[in-house]
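First residue of the sequence shown? That's 1 in full-length UniProt numbering, and the numbers climb one at a time after it. Worksheet: the structure to be examined is printed underneath.
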Amino acid sequence: MKIVFIVPTTGLKRFPPYRWAGRIYGQPNSITGPLILGGILKRAGHEVEVYEELNGRVPYNRLLRDTDIFCLSLMTSNAPRGYELADMIHRRSGARVLMGGMHPTWMPEEALEHGDQVIAGEGEKVILDAAEGRIAGSIVQGPLIENIDEVPFPDYSILKTPCAAANVISTRGCPCRCSFCTTSRMFHPYRKRSVDNVIAEIRRYKEMGFRYMNFEDDNFTADKERAKEICRRMIAEGLTFKETFFFGRTDMAEDEELLELLAQAHLTRVLIGIESLNQKALDSIQKGQNIEAICRAGEACERHRIRVIASIVLGLDEDNLSDMNRSIAFAESIHAYQLQPAILTPFPGTPVYRDYEAEGRMLPGSWSRFDMMNVVFTPAKMSPWELQEEFFRACSDFYTFSSAKDIRRIFGKEYGRRRWGLALMTRMGTGAAHLASHIAPHSDYYTLRHISDVQ
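Given below as C-alpha cells:
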C-alpha cells in the first residue's frame, strides 16, 4: 500500500512570508512521530511519504490519485486544517484517513467526525496493525512503551519537504507537571533512553550530513549527569554540530560543569521557561522555580555564550500588565537571543482547560487559535484584547533594530542579522494584525477586539 503522512498547518503559516520568518527564527525541522511510524510501515514493505505543510508544498492532486491511507498528525492548532484535509480526501478519493497526535488523543470523538480511525497515545506498537486492517475499532489506544530504546530511529529518507535540522528526542515526558503542559500528561510517566542509544542516533545524523540538531526533549537537562554524559560522548566522538538546540530549566545554572560541557558540545541555543517574575504566578502553575534561580540562569548562560530563548507566559491569573512587562524587560537585560512570548493557552487534557471550562472563561472560536499567539480565554485582570495587545507589545519591544547590534556584538554577525530580520518581520506581522482588528470583520483579531469592547 501507499501510505502518506501529513503534518498540516494553519493558513497563515502556509503563507510564504511566514515561512521566510520561520527560517530566520531557526532551521526548518520535522517532527519525529510521522518519521518513526512511517519508518515502521516502510520496513513492513509499504511505500511511505511524509510531508510537513509548514516547510513546503504538498502535491495533493498527485497524492490523491494513488494513496491508500493518509495519516494526519494533529496538534490542537492544526486540527481544523487536518479536518479540512480529511473531508477533502474523502470527497476526492477512496483513501482511508487515520488521525493521531496530541489533539485526537484528548478529543477522539471529535476527530472521528472527519477521520476513519484515531490512534490515541503512543502509536509505535499499533500503527502497522491499524494500517493493515487488523484492528477494527474506531479508537485505537496505543500502549505505553516502557523501554523507549526499542523505538526505531526516525527515517528521514521518507521525508519529502525541506529539513535542515535533525530532531532527537532522548526522553519522553517531563518530571515536572506545569498546569498548562500537555506533553507531561500524554507522555506519562517520564522515561529516558540509554546514552548509547541516543549517541547511535546522533551518529547517524552526523553521517547523513546534518549541520544542525535539536534535542526536542521537554527538559533535556532534567537528569544533569545523563546530559553531561551525552555531551562528553558527543565531544569525544566528534558528534558536535554547528548548533544544537535544547529545552532546559533554570536549575541548569547550578551546575558549572554542565554549562561548560553544553557549550563545548555546541548546545548553544536553549529555550528556558522563565514564564513570570512574579513568584505567586510561578507557584500557581506549579513551575517549581524561584526568581533567584531565573536570574542565575540568565547570567550563567550569557557567561558561557549559550543563547537563551526566553519563554514568557502572558495571561497568568496572578500577573497584571506590569508583571508581564517586567518579565520582558528581564529578558532584554540578560541579552536573551530570542523571546517566546506565549499567551497562556488552555489545551485540552490540561488542568487549566478543565478549570477554565468549568468557570465559563473559554472564548468561542476555532481550535486554530490555540497556537499560543492568540487569546482564547477571558483573563483575570484584563480584557482579552488587552492581553492580545500585550503580546504584540512584547514582540515589538523586544525585537528592535537597535538590539540587533548587541546580539551581533555578543554572538556574531550571523545572529545579529537574524535578530534584525526578526525585528522587521515583527513589525510587519503586528502591523497587519492591528489593521485586521479594525477593518477585517471575519478575522480573529477583529472578533477579539469586538468581544473586548462589549465586555
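Beta carbons are placed, not taken as given, at the ideal position from N, Cα and C, and that holds for glycine. Quantities reported herein were computed from a predicted structural model and do not represent experimental measurements.
Which residue from GLN117, LYS192, ILE119 puts its Cα closest to that of GLU146? LYS192
Whose CA, out of GLY115, GLY137, TYR205, lies closest to the CA of ASP155? TYR205
Which same chain residues end up closer than 6 Å to THR171 when comparing Cβ atoms and leaving out the 5 residues on each side of it in sequence? Here the set comprises LYS192, ASP217.
Grab me the residues of ALA297's own chain with a C-beta within less than 7 Å of its C-beta, minus the 5 sequence neighbours each way, in chain order. THR250, MET252, ALA253, ILE272
For VAL454, which three-state DSSP category applies? Annotation note: pLDDT 49 at VAL454 (below 50); position unreliable, coordinate value reported separately. DSSP places VAL454 in helix when its eight states are reduced to three.
Compare the C-alpha of LYS13 against each of CYS395, MET373, ALA380 and name the closest. MET373
Span separating the alpha-carbon of TYR415 from that of SER73: 32 Å
Could you name the residues of the same chain whose beta carbon sits closer than 7 Å to that of residue 456, not counting the 5 residues immediately before and after it, in chain order? Only positions 1 to 455 of the chain appear in this structure, which leaves residue 456 out of reach.
Could you tell me if LEU428 is buried or exposed, where buried requires 16 or more neighbouring beta carbons within 10 angstroms of its beta carbon? A small correction: the amino acid at residue 428 is Met; Leu does not occupy that position in the sequence shown. Exposed is the call here.
Since MET234 and ALA265 are thought to touch, with beta carbons under 8 Å apart, how far apart are those beta carbons, to the nearest angstrom? 5 Å
6 Å Cβ shell around MET362 - same chain, five flanking residues per side excluded: TYR356, PHE377
Cβ-Cβ separation, ASP255 to LYS287 (assumed contact under 8 Å), whole Å: That belief does not hold up - the Cβ atoms of LYS287 and ASP255 are roughly 19 Å apart, past 8 Å.
From this set, ILE36, GLU229, GLU332, which residue's C-alpha is nearest PRO152's C-alpha? ILE36
So ILE306 and LEU239 are in contact, right, with Cβ under 8 Å, and what is the actual spacing, rounded? Incorrect: roughly 18 Å between the Cβ atoms, too far for contact.
Can you find the residues in the same chain that come closer than 8 Å, C-beta to C-beta, to ARG81, ignoring five residues on each side of it along the sequence? Setting aside the 5 residues that flank it on each side, ARG81 is surrounded in the same chain by PRO8, THR9, THR10, GLY11, GLU53, SER368, each with a C-beta closer than 8 Å to its C-beta; the list follows chain order.
Since ILE3 and ALA131 should fall inside the 8 Å C-beta cutoff, what is the C-beta to C-beta distance between them, to a whole number of angstroms? 6 Å
Residue from PRO17, PHE246, ILE158 with nearest C-alpha to GLY33: When PRO17, PHE246, ILE158 are compared, the shortest CA-CA separation from GLY33 is found for ILE158.
Per DSSP, what are the beta-bridge partners of LEU159 in this structure? VAL50.
With 16 as the cutoff for other CB atoms within 10 Å, does ASN78 come out buried or exposed? buried
Of the choices ASP397, LEU387, ARG203, GLY101, whose alpha-carbon is the least far from that of residue 475? It is not possible to answer for residue 475, since the shown part of the chain is limited to 1 through 455.
Under 8 Å, do PRO28 and PRO162 count as touching if we go by C-beta distance? yes
TRP420: buried (16+ other C-beta within 10 angstroms of its C-beta) or exposed? buried
My understanding is that VAL126 touches GLY142, with C-beta atoms under 8 Å, so please give their C-beta distance in whole angstroms. 5 Å
What are the start and end residues of the alpha helix (DSSP H) that includes THR430? Judged by DSSP secondary structure, THR430 falls within the alpha helix (DSSP H) whose first and last residues are 413-439.
Any idea which residues DSSP pairs GLY100 with across the strands? SER73, ILE119
Quick check: the Cα distance between ILE230 and ILE202, rounded to an integer number of angstroms? 10 Å
Taking only the alpha-carbon atoms, compute the straight-line gap between THR67 and TYR60 and give it to the nearest angstrom. 10 Å
For ASP371, is the classification buried or exposed, using 16 other Cβ atoms within 10 angstroms of its Cβ as the cut-off for buried? buried
Starting from the C-beta of ILE312, find all residues in its chain whose C-beta is less than 8 Å away, skip the five residues before and the five after it, and write them out in chain order. ILE274, GLU275, SER276, MET324, SER327, ILE328, ALA331, LEU339, GLN340, PRO341, ALA342, ALA394
Who are GLN27's beta bridge partners in DSSP? Its beta-bridge partners do not exist; DSSP assigns none.
Expressed to the nearest angstrom, what Euclidean distance is found between the alpha-carbon atoms of VAL454 and ILE410? With a pLDDT of only 49 at VAL454, under 50, the local geometry of the prediction cannot be trusted, and no value is derived from it.
Reduced DSSP category for GLN279 - H, G, I as helix; E, B as strand; rest coil: Reduced to three states, the DSSP call for GLN279 is helix.
In chain order, which continuous runs of the beta strand (DSSP E) of length 3 or greater are located wholly inside the stretch 178-229? 212-215
Give every residue of the same chain whose Cβ lies closer than 6 Å to the Cβ of ASP129, excluding the five residues on either side of it in the sequence, and list them in chain order. Scanning its chain for C-beta atoms nearer than 6 Å, with the 5 sequence neighbours on each side dropped, one finds around ASP129 the residues ILE135, in chain order.
How many angstroms separate the CA atom of ASP87 from the CA atom of ASP283? 43 Å
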